[in-house]
Amino acid sequence: KKKIAVMTSGGDSPGMNAVVRAVVRMAIHMGCDAYCVYEGYEGLVQGGDLIKKMQWNDVRGWLSEGGTLIGTARCMAFYERPGRLVAAKNMILHGIDALIICGGDGSLTGADKFRAEWPSLLEELVANGQLTKEQIGPYQHLNIVGLVGSIDNDLSGTDATIGCYSALARICEMVDYIEATASSHSRAFVIEVMGRHCGWLALMAGVATGADFVFIPERPRDRDWKADMSNVVRRHRELGKRKTIVIVAEGARDKDGTKITPEEIKDLLADKSEGGLALDTRITTLGHVQRGGTAVSYDRTLGTLQGVEAVRAVLEATPETETPFIAINENKIVRKPLMKAVAETKELSKAVDAKDFEKAMGLRDTEFAD
Ligand code: F6P
């Protein structure tokens, strides 16, 4: 009987519980044993109670829970080979021969490395007497499948990562709240959203709320960004807008690589010197409200469909199959090579075309303001 384990790793994201529930139930449905590894890679390294066999009922009600109920961690030990050696041993002692991991690109890269190293880890475990040849016999190949759980929507090759639409919905809701009070007082707000390397949340929230200006990491601003922003905001005010919303991704920077901070944006909006905007300005950092809370229906569905597909991928894998991740492309759930997507992500995060950005935002050449 195949033993399939599922774990969540890295930063949590809404929809991870849907993944775990789907993997556990699909594995059982397909006649396999289902396991959860608690606390991410930490659970693999520590073993014991952190690797737990799951029954159908154990995941009842998980769809409507936020976060990840099996815990997650950023595990330093797993970054080093000795940590991975213990992890391999624990997996074999529990009889686990396939691992489904839901996490960001860092966690999934770690998984691919683990799989590549697997034969040499087994050799070492036998050589140092921790396991016997008979014990490692049935576990010659490690079967790994990745699912992308991240609120940032920061992996190339998939249209959406699990959790990104929940975070976007939360941001829009929060911006709506802020807009009401901003409008009452005719104030400006600088709203910082998550996105260390990827501006998807900031950009989409800007489009969805009609923000005045957006800063994202993929489009480092010219040194004259201050004049650009002031001109746009001034024009919107002249058109009669009573509120000003500037959305800044936490990873936003200028062309020199210097971080653009909410404080300097605020100072500019509030500048009372001649020609300054002199707006009464506040800063709101949304923080972890973006990541917590329940998943929107899209992320529940995505997690469920991809969890089911991950179990299928495990059952159909051969030793020659590259480590796959489960993507969604044009509404279809598909399998793709993981490391290719990781490499593409690094390439693509460099820059987006400035003109497309302006067009998408409708910021420069339009005469409307909300
Ligand atoms: O999940 C990714 C992310 O949301 C980033 O955008 C953000 O910088 C980071 O997580 C913060 O995570 P933590 O507070 O867990 O370090």
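Number 1134 in the working numbering belongs to position 222 of the sequence shown; there are no gaps in the numbering.
We put the CB at the ideal spot given by N, CA and C, even for glycine.
The structure presented is a predicted model; accordingly, all values stated were derived computationally and were not measured.
Query                                                                                                                            : Result
Cross-strand partners of C1076 (DSSP beta bridge)                                                                                : Its beta-bridge partners do not exist; DSSP assigns none.
Own chain, CB closer than 8 Å to P1129, minus 5 neighbours either side, in chain order                                           : G1107, R1108, H1109, C1110, G1111, A1161, G1163, A1164, R1165 and S1261
Cβ-based burial, Y1089 [other Cβ within 10 Å; buried from 16]                                                                    : exposed
Distance, R1146 Cα to E1279 Cα                                                                                                   : Model confidence at E1279 stands at a pLDDT of 42, short of 50, so the residue's coordinates are unreliable and nothing is read from them.
Buried versus exposed, by CB contacts within 10 Å (16 or more), T1093                                                            : exposed
Backbone secondary structure at L1217 - three-state DSSP                                                                         : helix
Residue of T1213, H1148 and A1010 minimising C-alpha distance to A934                                                            : T1213
Length of the line joining the Cα atoms of K1171 and M988                                                                        : 27 Å
Simplified DSSP state of V918, which is helix, strand or coil                                                                    : strand
beta-carbon I1063 near ligand 1 non-hydrogen atom, thresh 7 Å                                                                    : yes
Sub-8 Å separation of T1235 and I1103 beta-carbons                                                                               : no
Alpha-carbon to alpha-carbon, N1002 and Q958                                                                                     : 8 Å
Proximity to E1091 [Cα-Cα], best of R1133, I1159, M928 and V1254                                                                 : I1159
Reduced DSSP secondary structure (H/G/I, E/B, other) of E1186                                                                    : coil
Nearest-angstrom Cα separation, counted from E1046 out to F1026                                                                  : 21 Å
Which of helix, strand or coil DSSP assigns to M988                                                                              : coil
Boundaries of the beta strand (DSSP E) in which D1024 is found, first to last residue                                            : Unbroken run through D1024 is the alpha helix (DSSP H), D1017 to A1039; no beta strand (DSSP E).
8 Å contact criterion, which K1178 and I1157 should meet: CB distance rounded                                                    : Between I1157 and K1178 the Cβ distance is about 13 Å, and since that is not below 8 Å, they are no contact.
beta-carbon E898 near ligand 1 non-hydrogen atom, thresh 7 Å                                                                     : In the structure as shown, the chain starts at 913 and stops at 1282, and residue 898 therefore has no counterpart that could be examined.
Bounding residues of the beta strand (DSSP E) (the contiguous stretch that carries L1059)                                        : N1055 to V1060
Where K853 falls, given that 16 or more other Cβ within 10 Å makes a residue buried                                              : As shown, the chain starts at 913 and ends at 1282. That puts residue 853 outside it, with no answer to give.
Stretch pair the segment 945-957 + the segment 915-922: three plus CB contacts closer than 8 Å                                   : yes
Integer-rounded CB distance, given that L1033 should sit under 8 Å from A1000                                                    : 4 Å
DSSP three-state assignment for N1243, whether helix, strand or coil                                                             : coil
Nonlocal neighbours in the same chain, by C-beta distance under 7 Å from N1243, ignoring five residues either side               : none
Contacts around I1012, its chain only, beta-carbon distance under 6 Å, and the 5 residues preceding and following it disregarded : V918, V935, V1057 and A1222
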